[in-house]
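Residues in the sequence shown are numbered from 104 upward in steps of one, following our numbering. Quick reminder that beta carbons are idealized off the backbone N, C-alpha and C, glycines included. Structure, as structure tokens:
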Amino acid sequence: MTLKGKTAVITGSNSGIGLGVARELARAGANVVLNSFTDRDEDHALAASIAEEFGVEAKYVKADMSNGDECRALIEKAGGCDILVNNAGIQHVSPIDEFPVDKWNAILAINLSSAFHTTAAALPVMRARGWGRVVNIASAHGLTASPYKSAYVAAKHGVVGLTKVTALETAEEPITCNAICPGYVLTPLVEAQIPDTMAKYNMGREEVIKKVMLERQPSREFATVEQLGGTTVFLCSDAAQQITGTTISVDGGWTAL
Ligand code: NAD
């Protein structure tokens, strides 16, 4: 499986799943464009280290995925886009009647609207290049729900819907669009939920991981960023040409329950 010569743009890729996906795409030969809103020296250094490790081209482009214009500009600044991975995402946990409106708006913008903007900008580029893959990192919460995650669940269900529409609008072209729905992966996003959950249930860290998080995941193991990257590489391969408009769960059986 080689993606040599393809250019992949991965939103929100300076940590966690996005970085793991970027590394696996680079391992498969793709040139990669990393993104976040931070623009630190270490973000550029990450791109340089991927270029060196895998012998591909890699660069970092700053763009805030809460801003539609910056989402579209990311595709332009990438200098080509054969593979688009919409991964940027944030989380906030709160009952609906206490949910801060600014958090609701930010989650909808970063987790859902950014994918609309980047996809809108990338499809003409893919059409001009005669090939394309859009991979949206949704969530098990794009297929199921949990209390207190209203914005996240709504956004991720929206991502699954957007995935289907994108697939239908490109069905007769050599372009596919699919969503990956991860269960729990131990990234900074999940780490950030652990202290509050420890306080809420008066549990230690390991107990929270075992009894609250992995209780929901029948494999009782976290998925890894490498596994998410490998699934993305598969969806970008020729073997997946007829796979479009679907969701692939990488969730240890969560959504089978
Ligand atoms: P993470 O916090 O490690 O990564 C989030 C990424 O998004 C970071 O690179 C961050 O810089 C970027 N980001 C945040 N706000 C941004 C903005 N305004 N503009 C540009 N980039 C921004 O978390 P993660 O777990 O790797 O999450 C990645 C994706 O996977 C998210 O969409 C998340 O919803 C999804 N996901 C994660 C899990 C999990 O268990 N970790 C499960 C299901 C889905």
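Inspect the beta-carbon positions of residue i and residue j and report whether they are closer than 8 Å.
i	j	result
Arg175	Ile153	no
Ala191	Gly115	yes
Thr273	Ala343	no
Thr335	Leu128	yes
Asn281	Ile193	no
Ile283	Ile240	yes
Phe202	Ala254	yes
Leu211	Ala161	no
Pro277	Trp207	no
Arg236	Asp185	yes
Leu106	Cys339	yes
Ser242	Pro285	yes
Residue i bridges to which residues according to DSSP?
i	result
Ala282	Asn239 and Thr350
Val136	Val112 and Lys162
Leu360	None, per the DSSP bridge assignment.
Asn190	BP columns for Asn190 are empty, so no partner.
Val288	Ala326
Give the range of the alpha helix (DSSP H) segment to which residue i is assigned.
i	result
Ser217	Ser217 to Arg232
Ile153	Asp144 to Phe157
Thr269	Ser253 to Glu272
Glu173	Gly171 to Ala181
Pro250	Element bounds for Pro250: n/a, residue is neither H nor E.
Thr300	Ile297 to Tyr304
Glu127	Gly119 to Arg130
Ala209	Val204 to Leu211
Can you tell me which of the options puts its alpha carbon nearest to the alpha carbon of residue i?
i	options	result
Pro227	Ser169, Trp357 and Thr269	Thr269
Glu318	Met301, Tyr287 and Asp200	Tyr287
Val196	Gly356, Gln320, Arg308 and His244	His244
Gln330	Thr300, Glu310 and Leu289	Leu289
Ala166	Lys313, Ser139, Val237 and Val238	Ser139
Phe361	Ile312, Phe337 and Gly332	Residue 361 lies beyond the residue range present for the chain, which begins at 104 and ends at 360; the question has no answer from this structure.
Asn189	Pro291, Pro203 and Asn214	Asn214
Met301	Met316, Val136 and Leu292	Met316
Lys267	Asp341, Arg232, Thr222 and Glu155	Thr222
Arg323	Glu310, Gly333 and Gly332	Glu310
Leu246	Gly108, Thr141, Thr350 and Cys184	Thr350
Thr327	Thr105, Lys107 and Ile120	Ile120
Ala151	Asp142, Tyr163, Arg143 and Thr141	Tyr163
His147	His220, Leu360 and Ser118	Ser118
Ala218	Lys252, Ile199, Arg232 and His260	His260
Measure the beta-carbon distance from residue i to residue j and round it to whole angstroms, keeping in mind my assumption that it falls under 8 Å.
i	j	result
Ser249	Ala209	Rounded, the Cβ-Cβ distance is 19 Å, inconsistent with contact.
Asp299	Gln320	Actually they do not touch by this definition, with Cβ atoms about 19 Å apart.
Val112	Leu187	5 Å
Gly132	Val159	7 Å
Ser216	Gly171	7 Å
Would you check whether the ligand MN has a heavy atom nearer than 7 Å to the C-beta of residue i?
i	result
Leu292	Judged by which ligands are present, the ligand MN is missing from the structure shown, whose ligands are the ligand NAD.
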